[in-house]
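S.K.: Please find one structure pasted underneath; my questions will follow.
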Amino acid sequence: MQSIPDTSNKRILEVGCGTGAFTKEILSKLDAGDQFHIVELCPNFCDAVETNLLQSFRKEHPGIEVVLHNAPIEEAGLEGEFDAIICGLPFNNFPLELVQDLFDVMFKHLRHGGELAYFEYLGMRTFKKVFGFPSIRKETKQRTIDINNRYQNKKGEQQTVWCNLPSCRVVRLKGC
Ligand SMILES: C[S@@+](CC[C@H](N)C(=O)[O-])C[C@H]1O[C@@H](n2cnc3c(N)ncnc32)[C@H](O)[C@@H]1O
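Residue numbers (the working numbering): 550 to 725.
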């Protein structure tokens, strides 16, 4: 959650909240005047996050606006720019073209100097590169090039979280 700035009136976006593990963390970093938008495709996850986290949070923090959009990020109709985007999408399971489209949409909503953070489980691409069919190996190679290009162009920084199971790397990209 290093990407969330310690400023007032910040706007934060979470993409793909799932059951809300990151959502809970993000809520704990918000102050009066902040806005938090969440986009999640699956209606069941939306219901769970709304019931288990957001309803009570809104009652306890009337000065913080929290909006949950039950839609894919590509169609959520978000307005304006965000200071930080926390993304839980499992990019390695998506076709490369979709990954590129999703990043385009998210960067459109990231303010200059803001941060987009996402994570990737360690070893997934290496496993596919070694044990995959030739078509998977080729696709994984292209995926790695795409990831590395984005990392370079968007002034990436990364951190390995060994204590997570499975271990993952958290990548932070800059809006520019
Ligand atoms: C790996 S899970 C997120 C895990 C989450 N951090 C948690 O702790 O539960 C990815 C989530 O992204 C959602 N998702 C997938 N594609 C999406 C899209 N295009 N827009 C918004 N959400 C999407 C899925 O429904 C799923 O809940």
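All residues carry an ideal CB built from backbone N, CA and C; glycine is no exception.
For residue 632, which of helix, strand or coil comes out of DSSP?
M.R.: strand
S.K.: Run through DSSP, which three-state label would residue 566 get?
M.R.: coil
S.K.: Which parts of the segment 590–657 are runs of the beta strand (DSSP E), unbroken and 3 residues or longer, counting only runs that do not cross its ends?
M.R.: 614–619, 631–636
S.K.: Quick check: is any heavy atom of ligand 1 less than 7 Å from the C-beta of residue 621?
M.R.: yes
S.K.: What I want to know is whether the C-beta of residue 627 ends up closer than 7 Å to one or more non-hydrogen atoms of ligand 1.
M.R.: Every heavy atom of ligand 1 is 7 Å or more from the Cβ of residue 627, so no.
S.K.: Any idea which residues DSSP pairs residue 709 with across the strands?
M.R.: 718
S.K.: Closer than 7 Å: is that where the CB of residue 591 sits relative to any heavy atom of ligand 1?
M.R.: yes
S.K.: State whether the segment 557–565 contacts the segment 576–591, with contact taken as three or more CB pairs (one from each stretch) at a distance under 8 Å.
M.R.: Taking a contact to require three or more Cβ pairs closer than 8 Å, the segment 557–565 and the segment 576–591 qualify as touching.
S.K.: Measure the alpha-carbon distance for residue 595 versus residue 664 and round it to whole angstroms.
M.R.: 24 Å
S.K.: With hydrogens ignored, establish whether the beta-carbon of residue 639 is closer than 7 Å to any heavy atom of ligand 1.
M.R.: yes
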